[in-house]
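Using the working numbering, the first residue of the sequence shown is number 52, and each one after it goes up by one. Everything on this sheet refers to the single structure shown next.
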Amino acid sequence: MTERIVEVEWEDSTSLHGWHDELPTKAAPIRSTGYVFQDDDDALVIYQSYDGQKVTSDSSVSRYGNSLFIPRSAIRKVTELARKR
């Protein structure tokens, strides 16, 4: 499996809990980093961790940890990161 590692700059919704004098008026700028699981016209799905164990001979890995689905409309920039060896 060729693993792409990316940093994604995207805008998240903003909300507040409780009573406040002001309301949020802008999206929250977010940066997330991870391995690419899915990259298509609808979304970019990344994950932070995986166990690398094959469940069956035709599967890639059995478990992913800390996944994030980012709608394509929220993404502002994707930067490919290189591994240091």
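Glycine is no exception: its CB is placed at the ideal position from the N, C-alpha and C atoms.
Taking 7 Å as the CB-CB cut-off, is residue 61 touching chain D? Of the protein chains in this structure there is only one, and it is not chain D.
What does a CB cutoff of less than 8 Å around residue 132 pick up in its chain, not counting 5 residues either side in sequence? Position 81 of the sequence shown, counted from the first residue, corresponds to residue 132. Only 56, 57, 58, 84 meet the Cβ criterion.
Rank 68, 124, 135, 98 by C-alpha distance to the C-alpha of residue 114 and give the top, closest one.
Here the question's residue 114 lines up with position 63 in the sequence shown. Among 68, 124, 135, 98, the Cα nearest to that of residue 114 belongs to 98.
Item to check | Member of 100, 79, 77 whose CA lies at the smallest distance from the CA of residue 116 | outcome: Here residue 116 refers to the residue found at position 65 when the sequence shown is read from its first residue. The candidate whose alpha carbon is nearest that of residue 116 is 100.
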